[in-house]
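The structure under discussion appears below in the form of structure tokens.
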Amino acid sequence: MTGGLQRLGSTIVLVGVSFLLTALVLWISGYGVGDVFSGTVQGAITATGAATSTVRWAIPLLLIGLGVVIGFRAGFFNIGGQGQFYMGACAALVVSLGWRGGPATLVILGATAAAVLAGSAWSLLPGYLRVRFATDEVLTTLMMNFIGALVLQYLTAGPMRNPSGTGQTAASERIPEAFRITDSSGVSATVLLLVGAVIVLVWLLLDRTRFGLTMTLVGRNPTMARWQGIDVSRVGLVTFGLSGALAGLAGAVELHGPGARLVTGFSPEVGFTAVVVALVGLLSVWGTVVAAIFFGGLQSAILFLPIVTDLPPPALVLLHGMVAFLVTVKFRSARRRRAPLAPEALAD
Amino acid sequence: MEQILATTLRSAAPLVLVATAGVFAFRAGIFHLGLEGLMITGAFTTVAVGEATGSVELGILAAIGVCMALSAVYWWVIGPLGANVIIAGLGLTSIGLGGTAFALGAIFDVRGSIFTDVVLPRPVRGITSGPGVIIAEQSILVWLTPLIVLAAWVVLRRSRFGLRLAAVGEYPFAARTAGVNPSIMRLQALLISGALCALGGAELSVGALHNFTENMTNGRGFIAFVAVIFGVWHPIGAALAGLFFGFADAVGIQSQINITERVPREFVLMIPFVLTIFAVWLGGLWRRRSLEAEAGYAELREPDY
């Protein structure tokens with residue numbers, strides 16, 4: 405228990421340090437840190453529609469982040485959330501535009517199922533290579549991200565392109581309004597129910613079932629798990645599949661919710677931010693929920709901040725980078741490395 | 080065809096430089112995903128300092144300095160502080176991408192892109208037809224890249240430093256027993272790596288192009304990383320892989336102009352990534368050979384969750 409508290413404490417300290425460093429950069433660049441802070445609070449919580457916007461941005465981070473939690477718990481470094489998210493969105497788009505005349509409920513269900521399947525397929529390929537051939541999953545999931553982004557670019561600039569679009573970036577046609585589950589705010593009872601159900605299901609799976617325990621065992625020590633008769637390959641495939649399914653689901657929610665269409669390279673940071681969210685959430689389900697709302701709030705604020713202080717969006721990328729850079733620092737390990745100095749210190 | 084080859088050299092030079100950087104990190108047993116961030120930092124610093132001082136040499140020196148400093152911080156975080164190599168590396172990439180885009184606004188008060196006149200010299204100019212087109216209008220760094228790769232090969236294969244580095248990457252425990260301090264060796268490798276990333280970034284912004292644009296590296300740091308894997312962690316192999324990816328890029332650019340109807344550019348651009356997955360998969364033999372090397376970076380990359 406103290407271990408958990410210690411990790412919570414060190415994570416809070418490290419995230420705090422990342423924020424201070426970013427604030428320092430802003431201060432040097434001539435931004436009023438106080439203004440930025442009050443603007444962030446307004447943009448995330450108090451301004452009109454800010455709280456809704458926070459939830460809207462927290463949803464994809466949460467869904468993909470839970471996928472990351474599942475993968476990391478079982479010891480698989482699945483960093484392919486971005487590609488799986490894109491493939492989910494693409495699959496949902498193809499179904500929705502391909503079956504324009506269909507009954508709304510059926511199309512939405514079909515598109516969501518397609519998204520979940522596409523996301524998990526995008527994850528299962530690296531997963532299969534990992535469990536069958538020991539192919540490094542960091543590398544393959546990273547590559548799948550780039551391929552997924554190019555598939556999205558191909559669809560939005562090619563077959564699904566909105567011919568009347570005039571913007572610089574290619575965008576797909578809009579899906580019919582009847583197929584949407586939220587308005588452009590991205591929050592509705594349906595979405596909240598869906599996300600709530602996913603949170604509870606993932607929590608039950610990870611923390612209240614035999615399989616969840618098995619996953620954690622595999623993550624802690626695969627060799628021991630194998631010797632205890634656990635089918636490590638099967639556990640690996642299931643975790644890869646579930647991670648991808650959640651990211652794919654996030655893609656469908658994005659399309660049928662706030663997006664209504666896909667734009668080349670939309671939300672380019674969401675996969676990486678979800679990894680940060682999962683790590684800041686200490687790879688626990690509820691921690692990830694809290695962290696997702698927190699980072700969703702920041703995302704909402706960065707869109708609001710230009711109104712107050714003219715702060716450009718890259719500042720948020722910088723902040724995410726700082727957090728990722730530092731969040732896995734281990735205080736304990738640092739102390740252990742210093743230990744050999746102790747005798748000299750005593751001699752003094 | 081000459082045009083494609085000329086574009087190949089132009090696209091490949093930054094990739095090859097950053098891939099060489101990646102080889103140094105890999106030899107030290109570090110799975111360096113911060114290459115992209117260092118590369119864009121190098122590209123930006125060269126332009127920023129070049130514009131401020133009017134000297135491209137000073138710009139490049141400053142870029143090397145900044146990238147080496149960032150690499151030292153990266154080393155401190157993943158070594159003594161025990162952070163996860165992959166997450167911290169991705170963080171470094173975000174710091175580079177976000178930081179340069181932010182600094183572009185803060186320093187030059189522009190969003191998106193700035194043009195610069197302070198650029199690298201181009202030794203051969205004015206050839207507009209025949210095979211000479213290939214080497215014409217290439218910046219001096221393109222000419223120097225083969226020498227840098229050769230130098231890297233000599234350092235890694237023939238010098239005391241290189242052999243020690245290989246030992247550290249493959250089996251840090253044995254290296255430590257032999258009196259080599261793996262941590263210091265990793266720092267040195269990362270510093271060299273940072274300097275090479277700065278050169279790669281500089282070639283992109285003031286060599287091939289005359290501007291700095293937000294996110295202009297556009298995944299090139301990762302493609303360079305892929306070239307390292309593809310080239311079996313060997314400087315020559317990585318350079319050849321970089322050259323090949325440069326060729327794929329050139330074909331992609333050409334296909335956009337000529338044959339868009341038949342081959343969408345996106346599919347050409349996928350080639351490096353698809354090939355990498357195949358290479359890593361088919362490289363079962365390579366895999367087994369590198370299992371010891373695996374143990375090397377396991378010491379660093381083992382996730383503690």
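Chains A and B supply the protein sequences, listed in that same order.
Going by my numbering, the residue at position 240 of the first sequence is 644; the numbering climbs one at a time, nothing skipped.
Going by my numbering, the residue at position 218 of the second sequence is 297; the numbering climbs one at a time, nothing skipped.
All C-beta atoms in this analysis are idealised placements derived from N, C-alpha and C, irrespective of residue type, glycine included.
When the Cα atoms are used, residue 648/A and residue 485/A turn out to be separated by approximately 7 Å. Taken in chain order, the members of the segment 305–336 of chain B whose beta-carbon sits within less than 9 Å of a beta-carbon on chain A are 305, 308. For the segment 290–304 of chain B, the set of residues with a beta-carbon nearer than 8 Å to any beta-carbon of chain A comprises 293, 298, 301, in chain order. For residue 474/A, no CB of chain B lies under 8 Å from its own CB, so it is not counted at the interface with that chain. About 38 Å separates the beta carbons of residue 646/A and residue 440/A, which is beyond the 8 Å limit, so they are not a contact pair.
Separation of the CB atoms of residue 129/B and residue 197/B is rounded to 4 Å, and the pair is thereby assigned contact status at 8 Å. Residue 712/A places its beta carbon 8 Å or farther from that of residue 641/A.
The C-alpha of residue 91/B is placed about 8 Å away from the C-alpha of residue 323/B. Within 10 angstroms of the beta-carbon of residue 430/A lie 16 or more other beta-carbons, which makes it buried. Of all residues in the segment 427–441 of chain A, only 429, 430, 432, 433, 434, 435 place a beta-carbon less than 9 Å from a beta-carbon of chain B. Residue 552/A and residue 239/B have their C-alpha atoms some 43 Å from each other. When the Cα atoms are used, residue 496/A and residue 490/A turn out to be separated by approximately 10 Å. Residues of the segment 341–353 of chain B with a C-beta less than 9 Å from any C-beta of chain A: 343, 344, 345, 346, 348, 349, 351, 352, 353, listed in chain order.
Distance between residue 117/B and residue 273/B, taken at the CA atoms: about 7 Å. Your pair residue 470/A and residue 650/A checks out as a contact, with CB atoms roughly 5 Å apart and the cut at 8 Å. Minimum Cα-Cα distance from residue 302/B among the listed residues 230/B, 281/B, 350/B, 263/B corresponds to 350/B. Under the three-state reduction of DSSP, residue 193/B is assigned to strand. Scanning chain B for C-beta atoms nearer than 8 Å to the C-beta of residue 557/A yields 345, reported in chain order.
Within the model, the alpha-carbon separation for residue 132/B versus residue 243/B is close to 39 Å. Around the CB of residue 305/B, 16 or more other CB atoms lie within 10 Å, so the residue is classed as buried. Annotation for residue 549/A: the continuous alpha helix (DSSP H) segment containing it runs 541–561.
Every beta strand (DSSP E) of 3 residues or more that sits fully in the segment 183–266 of chain B is shown, in chain order, as 192–194. With contacts defined by Cβ atoms closer than 8 Å, residue 321/B and residue 94/B form a contacting pair. Counting only unbroken stretches of 4 or more residues, no alpha helix (DSSP H) element lies wholly within the segment 98–122 of chain B. Contact fails between the segment 152–166 of chain B and the segment 293–302 of chain B, because fewer than three Cβ pairs, one in each stretch, are under 8 Å apart. Using beta-carbon distances, residue 204/B does not count as an interface residue toward chain A, since no partner is under 8 Å. Contact residues of the segment 443–469 of chain A toward chain B are absent (C-beta to C-beta distance below 7 Å). Around residue 190/B, the beta-carbon contacts reaching into chain A at under 7 Å are 716. Here residue 347/B has 327, 330, 331, 334 as same chain residues with Cβ atoms under 7 Å from its own Cβ, once five neighbours each way along the sequence are excluded.
Under the three-state reduction of DSSP, residue 292/B is assigned to strand. For residue 690/A, the uninterrupted alpha helix (DSSP H) segment begins and ends at 689–713. Taking 8 Å as the cut-off, the Cβ atoms of residue 459/A and residue 700/A count as close.
Each residue's CA atom was taken as its position, placing residue 152/B and residue 563/A some 46 Å apart. A Cβ of chain A is located within less than 8 Å of the beta carbon of residue 359/B. Annotated three-state conformation of residue 576/A is strand, per DSSP. Annotated three-state conformation of residue 411/A is helix, per DSSP.
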